[in-house]
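Enquirer: As they're listed, the protein sequences go chains A and B.
Heads up: the first sequence runs through residues 1 to 453, numbered per UniProt numbering.
Heads up: the second sequence runs through residues 1 to 453, numbered per UniProt numbering.
Protein chains: 2
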Amino acid sequence: MIIMGGGLLTDLYELNMAASYLRHGMTDRATFSLFVRKLPPDRGFLVVAGVADCLDFLTGFGFTGAELDYLERTRRYGRDVLDAFERIRFTGDVWAVPEGRVVFAGEPVLEVTAPIAEAQLVETVLLNHMTFQTSVATKAARCVLAAGGAQLVDFAFRRAQGIDAAMAVARASAIAGFAATSNVEAGRRYGLPVAGTMAHSFIEAFGDEEAAFAAFAADFPTGCTFLVDTYDTPGGVRAAIAVIRRMRLSERIGVRLDSGDLAELSRQTRRMLDDAGLHEVKIFASGGLDEYAIAELVRQGAPIDAYGVGTRMGVSADAPSLDSAYKLVACGERPVMKLSAGKVTAPGAKQVFRGPSGDVVSLRDEPSPPGHRPLLEPVMRAGRRPAAPEPIETMRERCAADIAALPAPARALRDPQPFEVRRSERLAELGNRVSAEIQAAHAGGPPSGLPSV
Amino acid sequence: MIIMGGGLLTDLYELNMAASYLRHGMTDRATFSLFVRKLPPDRGFLVVAGVADCLDFLTGFGFTGAELDYLERTRRYGRDVLDAFERIRFTGDVWAVPEGRVVFAGEPVLEVTAPIAEAQLVETVLLNHMTFQTSVATKAARCVLAAGGAQLVDFAFRRAQGIDAAMAVARASAIAGFAATSNVEAGRRYGLPVAGTMAHSFIEAFGDEEAAFAAFAADFPTGCTFLVDTYDTPGGVRAAIAVIRRMRLSERIGVRLDSGDLAELSRQTRRMLDDAGLHEVKIFASGGLDEYAIAELVRQGAPIDAYGVGTRMGVSADAPSLDSAYKLVACGERPVMKLSAGKVTAPGAKQVFRGPSGDVVSLRDEPSPPGHRPLLEPVMRAGRRPAAPEPIETMRERCAADIAALPAPARALRDPQPFEVRRSERLAELGNRVSAEIQAAHAGGPPSGLPSV
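(1) Are A/H129 and B/K338 close, meaning C-beta to C-beta below 8 Å?
(2) Let me make sure I understand the geometry here. Which of B/R334, B/A349 and B/P370 has the alpha-carbon closest to that of B/D359?
(3) With a threshold of 8 Å between beta carbons, is A/T91 in contact with chain B?
(4) Quick one: list the residues of chain A neighbouring B/F220, beta-carbon separation under 7 Å, in chain order.
(5) Quick one, are the C-beta atoms of B/D164 and A/D164 less than 8 Å apart?
(6) Once DSSP output is grouped into helix, strand and coil, what is the label at A/F63?
(7) Quick one: residues in its chain with C-beta nearer than 6 Å to the C-beta of A/A436, no 5 flanking neighbours on either side, listed in chain order?
(8) Within the 8 Å Cβ cut-off, does A/L339 reach chain B?
(9) Compile a chain-ordered list of the residues in the stretch 104 to 126 of chain B whose CB is closer than 9 Å to at least one CB of chain A.
(10) Starting from B/I3, find everything on chain A with Cβ-Cβ shorter than 8 Å and list it in chain order.
(11) If B/D154 sits next to B/S182, beta carbons under 8 Å apart, how far is it from one beta carbon to the other, in whole angstroms?
(12) Check this for me: beta carbons of B/S173 and B/M395, under 8 Å apart or not?
(13) With a floor of 3 residues, list each beta strand (DSSP E) that falls wholly inside the stretch 1 to 63 of chain B, ordered by position along the chain.
(14) Which value, in whole angstroms, describes the spacing of the CA atoms of B/R381 and B/G431?
(15) Cβ atoms of B/V329 and B/A349: under 8 Å apart, would you say?
(16) Measure the C-alpha to C-alpha separation of A/R384 and A/H279 and round it to an integer number of angstroms.
(17) Under 8 Å, Cβ to Cβ, is there at least one residue of chain B near A/P409?
(18) Taking 8 Å as the threshold, find out whether the stretch 137 to 155 of chain B comes into contact with the stretch 400 to 415 of chain B through three or more Cβ pairs.
(19) At a Cβ threshold of 8 Å, is B/T64 touching chain A?
(20) Going by Cα to Cα distance, which pick from B/A211, B/G5 and B/Y231 is closest to A/G342?
(21) Would you mind telling me which residues of chain A sit closer than 7 Å to B/C331, beta carbon to beta carbon, in chain order?
(22) Going by C-alpha to C-alpha distance, which of B/D28, B/Y70 and B/A263 sits closest to residue 454 of chain B?
(23) At a CB distance below 7 Å, what residues from the stretch 191 to 203 of chain B approach chain A? Give them in sequence order.
(24) Along chain B, in chain order, which residues have C-beta atoms closer than 8 Å to that of A/D274?
(25) Does A/K350 come within less than 8 Å of chain B when only Cβ atoms are used?
(26) Kindly say whether B/P451, judged by its beta-carbon, lies nearer than 8 Å to any beta-carbon of chain A.
(27) For the stretch 147 to 175 of chain A, which residues have a beta carbon sitting closer than 9 Å to at least one beta carbon of chain B?
(28) Would you mind telling me which residues of chain B sit closer than 7 Å to A/E185, beta carbon to beta carbon, in chain order?
(29) Any Cβ of chain B within less than 8 Å of the Cβ of A/R23?
(30) Establish whether the CB of B/F226 and some CB of chain A are separated by less than 8 Å.
(31) Can you name the residues that DSSP bridges to B/C399?
(32) Does A/N432 get closer than 8 Å to chain B when you measure Cβ to Cβ?
(33) Can you give me the Cβ contacts of B/V36 inside the same chain, cut-off strictly under 7 Å, excluding the 5 residues immediately before and after it?
(34) Could you check where the beta strand (DSSP E) with B/L363 kicks off and where it finishes?
(35) Taking the runs of the beta strand (DSSP E) that are 3 residues or longer, which of them lie wholly in the stretch 141 to 202 of chain B?
(36) Note down the Cα distance separating B/P108 from B/G355, rounded to an integer number of angstroms.
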């Protein structure tokens, strides 16, 4: 969704720095590289997401009159700076790894080259979209891996971290392979399949499970799922069976288990349904699920056909953020890097080449090593998108193919081994040279680390 | 911010249930109670936040033409239901605990009484706002507790879970006692003080710390903070001292440490500044901080004047969601409850009374026990707010007073002991009676638990 303006969607220091660049006539094109420094525990890969929202933001980027009025009232900036802000648009180039692609720590996923003030001002929003959406797409892809072919539905809306977070979760989980979302607005906005069952309150409002199920089936004759755990699960299953038989329901009928020992209850429920001849009735499970809980249910052979996965996926509960960074790597013709303890960056605009035995992070203009293909693609030139946005289905297929191609240790849910990532010789040499130059220029002490990939 | 519409900001099952209620003529007023079932680990209290966004949503609630068109295209609902959706507004009453107030597990923080379809449709958004914003306000309050009087600045925008999450984080952390935010749009939207320093890229763009600091000080002569860890911290501090002396800077000047051993570096920096006679120059620390890291720095006596607290606060990293619920507790004149394993709810509209030795959860119409005061207040009647929105400053004072009044074990960062919460006799009796009635009505087996508070 393209919104014009958004210049205040940033940290104050970005505005301050941009003001300073503009006042000092610093209009050199700078390149910033967005990457994840380190994978969180129990992550063997990341699934890229968030690029489309970044491009929407950059397309509409600027300051509205109301935004400029606010800045004027703060008295922080002079007329010269406010005039410059009024004129500013994003005129830069962006390279990005397409959404759905699998990446690893230290690999640039998005690079911006633009006049330095523009590139600086957009940092906060680009980091926000890429960090959050990539962490959720990754979590969702792990759920898909764990489910071994069972269908997954996004149930995260109610406990996502905000309303637009819920939209991003629905989209990111669709990229990762979820079959549907419960989020109706996301269904509309992104064209996703929408699914839902019923809540305990529905049963309680009728006061009686059979009455509630019968009313619901009458209203939704082309498919419905009965929630059976409001009072006690076997009793709920009996009520569902009675209604299914009495109303001769046959199309897309299921029961949902939402509490208790799901492995045991699903077996018991399956037996009861099968004994009633209702082999086609599906079992749907939900309630505090994530990839670990799903993997355990699959391991126990629970006869569950589909899972509703909510909060823990939607906030990426065990890794709710990533150690992401958006770092200046070139300014004008000059490659730059920082040497802060534990946060050393590698200089220069980059490319990542994927080969059969691992990835190579290179300088942007290096040729592809034999048998490798580049991951970063130009997605914006001079502030314009060269191509129409990609459909989610394409991202979803890319994600499935990338994950299928991963070595098994990188796919493991616990203690995974990420795919190998090396630096090209030219990148390593440049890092060493720039680091040595900075050390020579600063008598203040040795730098605290060597450049990582 | 009131937006008209938003009827699709919901889970599909809410629409399905509402459609069914409407078709079956079920227009009884229902009461839903929103509460947190259990505190996350290391939480001795919660700070309520999110009520204002809930009321904004309810005020504008309805279906826009575009939303109805989408629903019509899904062919899920007949003309009768779409017409009913077109007319629907939120006409109910809301009671809530005011923002900034401290609450505990099992205490209703918001209760909605409305025709059941309306109350059902708004569940998803109400849970979303209250769950997320309460978890972040709580996390932020813990940072304030840990900082022992040092100032805190919200740096969470870049890795918050979405753009509106970042706005909510700035607001919630202000309620919890943060002094400022780096988030400029949140500053504008909520009238919050905005603060910021400079990034490593600024230093790198100039290529030289002294040149960068001098340029920045020339542009912001009424106050600036120099980032000193781009290459090595003592060298950066020396450069800052040189610029401060040469330019005779005196107003609101600071240095920011963003990496390395902050306790040791802050002591070293303080000595260097003091040796240069710059006693008034402040030390600002940032980089992966949360309440635990701040408490450790304070314990070590680190001479840090202010902290930038970002990602871990903004996503509430160790508890990124709460076990929140929005449960039907009364339907018409009938109190209701569910008995699902581990998720038993207590029936009836409620009030919470706070007394010197703990809280009492009661039925709404019970009198206050002596020396207690009610926490839930009417905040919306017949779909309208009786009063103007409260200023954040009022919420902030309430939060500070409530936390100061907590027993020390409830305030502990690790293994806290929450304040005592009891149920009134009348609530306990009602729970037992309704539970027994449900058990008598369901031959399917015993219920799996007793009602919790």
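Ideal placement from N, C-alpha and C gives every residue a C-beta, glycine not left out.
Expert: Once the coordinates are examined:
(1) no
(2) B/P370
(3) no
(4) Residues of chain A passing the Cβ test: N16.
(5) yes
(6) coil
(7) none
(8) yes
(9) I116, A119, Q120, E123, T124, V125 and L126
(10) Near B/I3 there are no residues of chain A at all, since even the closest Cβ is about 10 Å away, more than 8 Å.
(11) So it is a contact: roughly 6 Å between Cβ atoms.
(12) no
(13) 29 to 36
(14) 27 Å
(15) yes
(16) 54 Å
(17) Interface flag for A/P409 against chain B is unset, since no Cβ pair is found closer than 8 Å.
(18) In short, these stretches touch, since the Cβ pair count reaches three.
(19) For B/T64, the answer is no, since every Cβ of chain A falls outside 8 Å of its Cβ.
(20) B/Y231
(21) Neighbours of B/C331 on chain A, chain order: E204 and A205.
(22) As displayed, chain B neither begins before 1 nor continues past 453, which places residue 454 of chain B out of reach and without an answer.
(23) V194, A195, G196, T197, M198, A199, H200, S201 and F202
(24) What A/D274 touches in chain B: nothing, since even the nearest Cβ is about 19 Å away.
(25) When Cβ-Cβ separations below 8 Å define contact, A/K350 makes no contact with chain B.
(26) Residue confidence is low: B/P451 scores 39 on pLDDT, short of 50, so the model does not pin down where it sits. No coordinate-derived value is stated.
(27) Within the stretch 147 to 175 of chain A, the residues whose Cβ lies closer than 9 Å to some Cβ of chain B are F155, F157, R158, R159, A160, Q161, G162, I163, D164, A165, A166, M167, A168 and V169, listed in chain order.
(28) Per Cβ cutoff of 7 Å: L8 and L9.
(29) yes
(30) With 8 Å as the cut-off, B/F226 does not count as an interface residue toward chain A.
(31) The partner list for B/C399 (beta bridge, DSSP) is empty, contrary to what the question assumes.
(32) no
(33) L46, A105, L322, D323 and S324
(34) G358 to L363
(35) 151 to 154
(36) 16 Å
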